[in-house]
Amino acid sequence: MTSASENGNSVSMTRRGFLAKSTAGAAGVAALAASMSPLRHLADDDLPSMEEFLQKHYKEMTQEDKSRTLARIANEVEKRHGVSTTIADPAPMDGVEFVYALNISRCIGCRRCVHACVKENNQSRSPEVQYIRVLEMQKGSTDVEKANHHYNPPAVPEHDSYYMPVQCHQCAKPPCVKVCPVEATWQEPDGLTVIDYDWCIGCRYCEAACPYWARRFNFQEPSIDPENINPNMAYLSNRPRRKGVMEKCTYCLQRTREGRMPACLEACPTGSRKFGNVLDPDSEVAYILRHKRIFIFKEAVGTLPRFFYYFDERGSRYHEPTAKAEQGGEA
Amino acid sequence: MTDASLSKPQVDALSVAFYTIGFVFLTVGCVLWANPLRFKSPAKPAVYVEAKMRGTQPVRTPQLAPVLTHATFTYQCSDCHDLFPSSDTSGRRLSFHTDITLAHGINDRCFNCHHQTDRNAFAGYRTESIPFDKPQLLCAKCHGPVYQDWLHGVHGRTDGYWNAQFGPVRRLKCIECHDPHTPAFASLKPAPGPNTLRTTTHEHDKPANHKPNRNPLMIWRKGEPQHASTPDAERNTP
Ligand code: SF4
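Which chain is which? The protein sequence lines are A and B, in order.
Each residue of the first sequence is one higher than the one before, starting from -7 at the first, in this note's numbering.
Each residue of the second sequence is one higher than the one before, starting from 21 at the first, in this note's numbering.
So this is what it looks like as structure tokens:
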């Protein structure tokens, strides 16, 4: 009995089961194909080449690896942006530690620095990525919670406000470096915290760790017009980034490691920005640290920033009357 | 046995499961293929920024020489002023140089800064002259602390290189930023504000005035006035 019924069952089951299984199977294959359909939108350079996939961490690369990598990246930039470049990799200088000082009593909040930075460092224009944020602050208060990013009067400065540009502070104890799970970001001997964009996995831990909100994430493939690309590029700073990696201010490493001033400083019409080697006692920044009144933003978090706000005792914007004054006061 | 099973088709769990899974797969597949919820990027189109909004030119380009170009002719200051010596009475109405507005502190006469007899120079402390290309020495007569700051590169912009060993260093002179007759730093039109993914302006929330709020992350609780400008003292009391 058992054998007969089993035989009968198995015959009828096989036919119905076959139909069921094949329907499910076909649907499964169709669903799999459909769920893979986003892959149709992949561009041919979206998947890493074998060379890129096997690339070593920046610090483990030999000189030969490095030059091969730089050539590969230059090639990719040319393919993607139609701009021929050479990617440099300037080394930190001995006896140099970069420091920034910003005269908070002279800044007028004109945002020239923001856009000079975007141009120099090849940030995405859409979606917009900016390293410098200029906060409009109320005179008499240092409460950044009440600061405003979006001020847009016909002319700045406004008499009841002062302006505080914030960017990466290149901390000596950088929390962003501490939290990176893959060591894609580190502090260089000249004090600059840099990112290896090819090593970053885009976890955004560093963005959360930074007390200055200085790190930016590429949520989308960055877009820059070819005529706006700055072809003077360096591996650790302004070479074009891809979607899914972190970026931030590097004090224009591609310029400053060659002795030039950062782009934000050159664009500032008020001369509020000062940059130099703090280990050189004759430098402007060393003089400022010795002689001026210094304000360290969020000093209490203990990250020991290399970015200092200073101010003038006399004749600064801060002493202007908060009501609209007639022109030509004492300066 | 066989007859019974034919007349009463057996609905066994296994084939029901297979049909159901097949149906679910098919539905999911169709939905994925049709892609009804397309990804809409919240990124705004690129904002146009004029090139002058990131230019490195100083705000003024003074001549640093005692010359005046008038109707395509170029004159030295002395060309006229040797012929027409000016009186030193103050408050005269100017018949020439009428484009100059003097709003420089308590100064009310030209000879506070311009040399009375050597018209191609500025006035020094007593009778000596200060050449036109060294205006900082003139400014230093009154603005000592700022001049000290300028000498050390604390006041005013330094162009070029951060150390002279790499290339030329040029410190902008006083009058490359300040109009000597109206010295307050002229206000400027601000460059476009941030339109980044995390600092977009919420257009629908924007009050009419230009200060939408002072909250960088644009976070506010419902019903809370956006201009919550509670004084710090009040905020800190429990
Ligand atoms: S360019 Fe200079 S004055 Fe203008 S916002 Fe930047 S630091 Fe301030």
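Where is the CB? At the ideal position from N, CA and C, for every residue including glycine.
Do you know offhand how far residue i's Cα is from residue j's?
i	j	result
B/ALA37	B/GLY49	18 Å
A/LEU296	A/ALA164	5 Å
A/ALA255	A/HIS151	28 Å
B/SER106	A/GLN159	54 Å
A/ASP81	A/LEU228	7 Å
B/LEU34	A/GLY20	17 Å
B/ASN140	B/THR94	14 Å
B/GLN96	B/LEU88	6 Å
A/CYS260	B/ARG218	25 Å
A/VAL106	A/CYS195	26 Å
B/GLN83	B/LYS161	21 Å
B/ILE126	A/TYR302	29 Å
A/GLU199	A/GLY183	19 Å
A/ALA83	A/SER215	29 Å
B/PRO236	A/ALA25	Caution is warranted here: a pLDDT of 47 is assigned to B/PRO236, below 50, making its placement in the model unreliable, and the coordinate value is therefore given only provisionally. Spanning the two alpha carbons is a distance of roughly 44 Å.
B/PRO78	A/SER133	31 Å
B/GLY75	A/ARG104	8 Å
A/GLU112	A/CYS244	8 Å
At a Cβ threshold of 8 Å, is residue i touching chain B?
i	result
A/ASN224	no
A/GLY74	no
A/SER59	no
A/ILE221	no
A/ASN144	yes
A/GLY236	no
A/THR54	no
A/SER229	no
A/GLN246	no
A/ARG103	yes
A/ASN269	yes
Determine, using beta carbons only, whether residue i comes closer than 8 Å to chain A.
i	result
B/LEU217	yes
B/ILE41	yes
B/THR137	no
B/ASN183	yes
Looking at the structure shown, is residue i part of a helix, part of a strand, or coil, going by DSSP?
i	result
B/VAL87	strand
B/ASN229	Interpretation of B/ASN229 is limited by its pLDDT of 42, a score under 50 that renders its predicted location unreliable; no figure is taken from the coordinates.
A/ASN220	helix
A/GLU213	coil
B/GLN246	Residue confidence for B/GLN246 is low, a pLDDT of 46 falling below 50, so the modelled location carries little weight and cannot support an answer.
A/ARG231	coil
A/PRO30	helix
B/ASP179	strand
A/LEU127	strand
B/THR40	helix
B/LYS72	helix
A/GLY17	helix
Any heavy atom of the ligand SF4 inside 7 Å of the beta-carbon of residue i?
i	result
A/VAL75	no
A/CYS244	no
B/TYR145	no
A/ARG103	yes
A/SER153	no
A/VAL126	yes
A/PRO261	yes
A/ILE100	yes
A/PRO254	no
A/PRO119	no
Assuming residue i and residue j are in contact, meaning their beta carbons sit under 8 Å apart, how far apart are those beta carbons, in whole angstroms?
i	j	result
B/CYS133	B/LEU171	So it is not a contact: roughly 20 Å between Cβ atoms.
B/LYS64	A/SER118	7 Å
A/ASN324	A/ASN230	An answer regarding residue 324 of chain A cannot be provided, because it is not within the stretch -7 to 323 covered by chain A.
A/PHE90	A/GLN162	7 Å
Relative to the ligand COA, is the shortest distance from any of its heavy atoms to the C-beta of residue i smaller than 7 Å?
i	result
A/ARG265	The ligand COA is not part of the structure shown, which contains the ligand SF4 as its ligands.
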